[in-house]
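Reading through the structure tokens given below for one structure.
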Amino acid sequence: MLQLDHIDKVFFRNTLDERWALRNLSCTVQSDEFVTIVGSNGAGKTTLLNIISGNHFPDRGKVIIENHDVTSLPAFRRARFIGRVFQNTTQGTAASLTIEENFAIAYAKGRTRGLHLAISEHLRRKIREKLAEVGLGLENRLRDRVGLLSGGQRQALALLMATIGNPKILLLDEHTANLDPKTAEKIMHLTNILIQDDHLTAFMITHDLGDALNYGTRTLLMDDGEIVLDISGEERKKMTINELLERFSERRHKKFTNDRVLLSAETKEH
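Mind the numbering: the sequence shown is residues 1 to 270 in my numbering, read in order.
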């Protein structure tokens with residue numbers, strides 16, 4: 001279980017550029033929940049993931065994971081139980097290293113043993129099994145450098161690397177945004193399978209309102225550092241994209257402002 005308790009995060013405090021990224025944000029997420037996150041421009045979505053991962057520390061509030069206060073624990077100390085995949089397909093993998101070496105580094109995250117010990121025959125078999133499930137033929141390319149792979153292949157690799165160490169939490173920061181629609185669909189399918197099979201607690205930022213409602217078990221809609229809507233259960237199953245946008249307007253007394261999200265919404269509704 002993850003608890004965010006009255007989180008504040010302010011950048012450039014006491015300057016002309018002061019910006020509140022998160023405002024008194026509280027949220028409790030149960031184990032195995034798959035939470036999708038959408039929001040207006042500058043809503044604080046990525047900052048929220050950075051608070052969970054330890055890349056940012058809150059100015060106020062607490063982060064509790066499985067009843068342990070990890071608020072002041074840095075990112076490298078959380079790496080063993082938190083996996084993350086980014087929007088940039090080159091981030092999260094090392095282009096100059098082989099597929100096998102990338103997996104070894106991911107597997108060793110948060111552990112004390114070195115890279116040369118991490119590449120064991122047991123790990124090699126595990127890597128092949130994981131890659132074979134994707135269906136991209138990568139299980140036969142363990143010695144190929146990652147820089148030779150396509151964007152979709154690299155993102156599939158990053159996703160598998162993020163989950164190979166059996167993390168408790170998976171953070172996905174618009175991880176399909178830079179992919180073509182067909183590849184994005186494949187990556188989302190893989191994402192869903194991994195989260196379900198590995199019983200992960202997952203947070204996924206997306207600009208695709210269709211994906212936000214169709215995947216996962218719960219949807220958070222953010223604006224100006226706050227959670228405006230928290231939708232789950234039967235209400236979420238019945239909700240359409242237009243209804244979600246209308247609910248936002250009713251709650252905030254303004255229209256939703258995120259061009260990428262609105263473009264996605266228009267595409268999905270037609």
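All residues carry an ideal CB built from backbone N, CA and C; glycine is no exception.
Residue i burial status per 10 Å Cβ neighbour count (16 or more: buried)
i: residue 61; result: buried
i: residue 191; result: buried
i: residue 150; result: exposed
i: residue 12; result: exposed
i: residue 182; result: exposed
i: residue 115; result: Note that residue 115 has pLDDT 49, beneath the 50 cutoff, so the model's placement of it is unreliable and no number is given.
i: residue 25; result: buried
i: residue 122; result: exposed
i: residue 330; result: Residue 330 lies beyond the stretch modelled for the chain, which goes from 1 to 270, so this question has no answer here.
i: residue 132; result: exposed
i: residue 237; result: exposed
i: residue 125; result: exposed
i: residue 251; result: exposed
i: residue 233; result: exposed
i: residue 74; result: exposed
i: residue 208; result: buried
Option nearest residue i by Cα separation, candidates the options
i: residue 254; options: 120, 224 and 177; result: 224
i: residue 287; options: 160, 232 and 184; result: Examination of residue 287 is not possible in this model, given that the chain is present from 1 through 270 alone.
i: residue 37; options: 228, 59 and 17; result: 228
i: residue 221; options: 91, 125, 141 and 27; result: 27
i: residue 93; options: 212, 154, 169 and 63; result: 154
i: residue 76; options: 215, 55 and 239; result: 55
i: residue 19; options: 247, 42 and 244; result: 42
i: residue 39; options: 89, 21, 73 and 31; result: 21
i: residue 184; options: 109, 129 and 211; result: 211
i: residue 67; options: 83, 90, 29 and 10; result: 29
i: residue 81; options: 72, 69 and 53; result: 53
i: residue 148; options: 90, 83 and 79; result: 90
First through last residue of the alpha helix (DSSP H) which encompasses residue i
i: residue 146; result: Where residue 146 is concerned, there is no enclosing alpha helix (DSSP H), given that its DSSP letter is neither H nor E.
i: residue 127; result: 121 to 134
i: residue 44; result: Residue 44 -> no alpha helix (DSSP H), and no H or E assigned at all.
i: residue 213; result: 209 to 214
i: residue 242; result: 241 to 252
i: residue 236; result: 233 to 238
First through last residue of the beta strand (DSSP E) which encompasses residue i
i: residue 70; result: Premise fails: residue 70 is in no beta strand (DSSP E) and is neither H nor E.
i: residue 19; result: 19 to 29
i: residue 9; result: 2 to 11
CB of residue i within 8 Å of CB of residue j, strictly
i: residue 51; j: residue 2; result: no
i: residue 198; j: residue 46; result: no
i: residue 170; j: residue 195; result: yes
i: residue 146; j: residue 95; result: yes
i: residue 5; j: residue 23; result: no
i: residue 257; j: residue 33; result: no
i: residue 179; j: residue 137; result: no
i: residue 144; j: residue 98; result: yes
i: residue 188; j: residue 176; result: yes
i: residue 164; j: residue 103; result: yes
i: residue 282; j: residue 100; result: In this structure the chain extends from 1 to 270, so residue 282 is not present and cannot be described.
i: residue 205; j: residue 49; result: yes
i: residue 162; j: residue 78; result: no
i: residue 244; j: residue 213; result: yes
Residue i in three-state terms, based on DSSP
i: residue 173; result: strand
i: residue 61; result: strand
i: residue 294; result: Any question about residue 294 goes unanswered here, given that the chain covers just 1 to 270.
i: residue 87; result: coil
i: residue 224; result: coil
i: residue 200; result: coil
i: residue 271; result: Residue numbering for the chain in the displayed model covers 1 to 270; residue 271 lies beyond these limits and cannot be assessed.
i: residue 105; result: helix
i: residue 219; result: strand
i: residue 163; result: helix
i: residue 158; result: helix
i: residue 94; result: coil
i: residue 259; result: Below a pLDDT of 50, predicted positions are generally treated as unreliable, and residue 259, at 49, falls in that range; no measurement from the model is reported.
Proximity test, Cβ basis, 8 Å: residue i and chain B
i: residue 191; result: Although the question refers to chain B, the structure presented lacks it and comprises just one protein chain.
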